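*Asks:*
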Amino acid sequence: MMKHKVIISGGGTGGHIFPAIAIANALKILSPEIDILFVGARGKMEMERVPAAGFQIIGLDIVGLNRKSLLKNLLLPFKLIKSLLDARKIIKSYNAELAVGVGGFASWPLLKTANFMGIPTVIQEQNSYAGLTNKQLGKRAHRICVAYPGMDQFFPAEKIMLTGNPIRKSTVEIIGKRDLGLHSFGLDYNKKTVLITGGSLGSLTLNECIKEGIPQLIQANIQVIWQCGNYYYQSLKEEFDENLPSQIKLMPFLEKMDLAYAAADIIISRAGAGTISELAVIGKPVILIPSPNVADDHQTKNAKALVERSAAILVHDNQAKEELIKQLLLLNQNTALQQELSNNIKKLAIDDADVVIAKEILTILNKLK
């Protein structure tokens, strides 16, 4: 029996890389004989993360548009042409039957070339608002796997499949772990707990809001798991100089995210697509502060998609200093609103997206026989 050969392309951020690896793992479980090759962008984090997950990866010499320096964009057309030629060589020598794009720099040249060569493509669109690249690639894709309803405003309706975003299973397994979570952070079992997370890099806006809001949080008898990011940790630690109240737990990174989720009564977070998919499965009341530093303002659109369903509270980044602590204290006092947000975000939860997407890929491959 001939092995199926699939290329998965994309990366740049964990939000793209994790779904890619999750889909690859699901494909391997469903069809152990399948052969998978990743194509990423040289110098990006996928070049380390993918091999660590046990898969082969080839890097394209591709970068995105630099909005701050026009000079740095001078080589971009040449890099695009080279990436398209390299993508063609990779597809041809690997003898790929199907290409999957998860977003990121490498997705466009690889899927564009696959389309040109008549090879079926599958797109995994993580956000509630599709970017220009995926909208263009979607016209010739066989299937577009989306995480939000209403995506027919961007893609041909007959190609869309509502699958959700693949999530880290170990991160969302929180049932029965509340006491363990509180104990692991040295927190009080009888106080309300708020988790603040700005992602692995952290968020300056969130950190400044929490720093200034500590007296109000203490007064409201709230304890905090504060994941500030590796970049900000040392300066914050030095600034507090051992004077941080014991109910505020400052840490650079959360190794055991499941325990943090389990301990939390309310979660404050950025609004990346992958994070939102995890939060929906967790089912806790959430305040979202979208990062303004992402392409096409995706995070704001993701957050609004939840707000429209009464599934989250949105505080804009430029209003966070005035609004975040105020909204948190109001939510902490409003148990009915907490329940409403929790119930509605749970309705959006899809915890088997990786398997659903993998099955669809295998269905397309089997039709090619």
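Numbering (the numbering used here), first residue to last: 48 to 416.
We treat Cβ as the ideally placed atom computed from N, Cα and C, and that holds for glycine.
No experiment lies behind these values; they were computed from the predicted model shown.
Identify, in the order they occur along the chain, each residue of the same chain with its Cβ nearer than 8 angstroms to the Cβ of Lys296, setting aside the five sequence neighbours on each side.
*Replies:* Here residue 296 is taken as the residue at index 249 of the sequence shown, counted from 1. Cβ within range, chain order: Phe232, Gly233, Leu234, Gln270, Val271, Ile272 and Trp273.
*Asks:* If distances are taken between C-alpha atoms only, which option among Ala352, Gly106, Ala400 and Leu145 comes closest to Ala318?
*Replies:* Here residue 318 corresponds to residue number 271 of the sequence shown, with the count starting at 1. When only C-alpha atoms are compared, the closest one is Ala352.
*Asks:* Using alpha carbons as the reference points, say which of Leu361, Phe201 and Pro337 lies closest to Ser250.
*Replies:* Here the question's residue 250 lines up with position 203 in the sequence shown. Considering only alpha carbons, the answer is Pro337.
*Asks:* Count the other C-beta atoms from every protein chain shown that fall within 10 angstroms of the C-beta of Val354, then say buried if there are 16 or more, exposed otherwise.
*Replies:* Numbered from 1 along the sequence shown, position 307 holds the residue referred to as residue 354. Under this definition Val354 is an exposed residue.
*Asks:* Is the beta carbon of Thr347 sitting closer than 9 angstroms to the one on Gly246?
*Replies:* To locate residue 347, count along the sequence shown from 1; it is residue 300. To locate residue 246, count along the sequence shown from 1; it is residue 199. No. Outside cutoff.
*Asks:* Look at the alpha carbon of Gln385 and the alpha carbon of Lys50, and state the distance between them as a whole number of angstroms.
*Replies:* Here the question's residue 385 lines up with position 338 in the sequence shown. Here the question's residue 50 lines up with position 3 in the sequence shown. Looking at the two C-alpha atoms, the distance is approximately 50 angstroms.
*Asks:* Do three or more CB pairs link the segment 299-308 to the segment 213-226 at distances below 8 angstroms?
*Replies:* Yes, since at least three Cβ pairs between the segment 299-308 and the segment 213-226 fall closer than 8 angstroms, the two stretches touch.
*Asks:* Would you call the segment 68-81 in contact with the segment 156-166, where contact means no fewer than 3 C-beta pairs closer than 8 angstroms?
*Replies:* Counting Cβ pairs under 8 angstroms, fewer than three are found: no touch.
*Asks:* Tell me, please, which residues DSSP counts as bridged to Cys192.
*Replies:* Position 145 of the sequence shown, counting from 1, holds the residue named residue 192. In DSSP, Cys192 forms a bridge with Gln171 and Met208.
*Asks:* Give me the Cβ distance between Leu184 and Leu158, rounded to the nearest whole Å; I'm assuming they're in contact under 8 angstroms.
*Replies:* Taking the sequence shown and counting its residues from 1, one reaches residue 184 at position 137. Taking the sequence shown and counting its residues from 1, one reaches residue 158 at position 111. Between Leu158 and Leu184 the Cβ distance is about 5 angstroms, and since that is below 8 angstroms, they are a contact.
*Asks:* List the residues that DSSP assigns as beta-bridge partners of Val86.
*Replies:* As a position in the sequence shown, residue 86 is number 39, starting the count at 1. Answer by DSSP bridge pairing, in chain order: Ser56 and Ile105.
*Asks:* Are the beta-carbon atoms of Asn349 and Leu371 separated by less than 9 angstroms?
*Replies:* For the purposes of this step, residue 349 is identified with residue 302 of the sequence shown, where counting begins at 1. For the purposes of this step, residue 371 is identified with residue 324 of the sequence shown, where counting begins at 1. No.
*Asks:* Rounding to the nearest angstrom, what Cα-Cα distance links Leu409 and Phe202 in this structure?
*Replies:* Along the sequence shown, read from residue 1 onward, the residue named residue 409 stands at position 362. Along the sequence shown, read from residue 1 onward, the residue named residue 202 stands at position 155. Going by the C-alpha atoms only, they are around 22 angstroms apart.
*Asks:* Using CA coordinates, which residue listed in Pro196, Pro262, Asp398 and Pro156 is at the minimum distance from Asn181?
*Replies:* Taking the sequence shown and counting its residues from 1, one reaches residue 181 at position 134. The candidate whose alpha carbon is nearest that of Asn181 is Pro156.
*Asks:* Ala350 lies in the alpha helix (DSSP H); which residues open and close that run?
*Replies:* Taking the first residue of the sequence shown as position 1, residue 350 is located at position 303. Note, Ala350: alpha helix (DSSP H), His345 to Val354.
*Asks:* Can you give me the Cβ contacts of Gly59 inside the same chain, cut-off strictly under 6 angstroms, excluding the 5 residues immediately before and after it?
*Replies:* The count along the sequence shown starts at 1 and reaches residue 59 at position 12. Taken in chain order, the residues that qualify are Lys91, Gly151 and Phe152.
*Asks:* I think Leu253 touches Ile243, with their Cβ atoms under 8 angstroms apart; what is that distance to the nearest whole Å?
*Replies:* Within the sequence shown, the letter at position 206 stands for residue 253. Within the sequence shown, the letter at position 196 stands for residue 243. Right, their Cβ atoms sit about 6 angstroms apart.
*Asks:* Would you say the segment 382-396 touches the segment 354-364, given that touching needs at least three Cβ pairs under 8 angstroms?
*Replies:* Yes: at least three Cβ pairs fall under 8 angstroms.
*Asks:* State yes or no: is the C-beta of Leu94 within less than 9 angstroms of the C-beta of Ala100?
*Replies:* The residue you call residue 94 lines up with position 47 of the sequence shown. The residue you call residue 100 lines up with position 53 of the sequence shown. Leu is not the amino acid found at residue 94; the sequence shown has Met there. No, they are not a contact pair.
*Asks:* Nearest by alpha-carbon distance to Pro339: which of Ile64, Pro332 and Asn365 is it?
*Replies:* For the purposes of this step, residue 339 is taken as residue 292 along the sequence shown, with counting starting at 1. Cα-wise, what sits closest to Pro339 is Asn365.
*Asks:* Assuming Leu145 is part of the alpha helix (DSSP H), what are its boundary residues?
*Replies:* By 1-based counting over the sequence shown, the position of residue 145 is 98. Note, Leu145: premise wrong, no alpha helix (DSSP H); beta strand (DSSP E) at Leu145 to Gly148.
*Asks:* Residue range of the beta strand (DSSP E) that Gln274 falls in?
*Replies:* Indexing the sequence shown from 1 puts residue 274 at position 227. Where Gln274 is concerned, the enclosing beta strand (DSSP E) stretches over Ile269 to Gln274.
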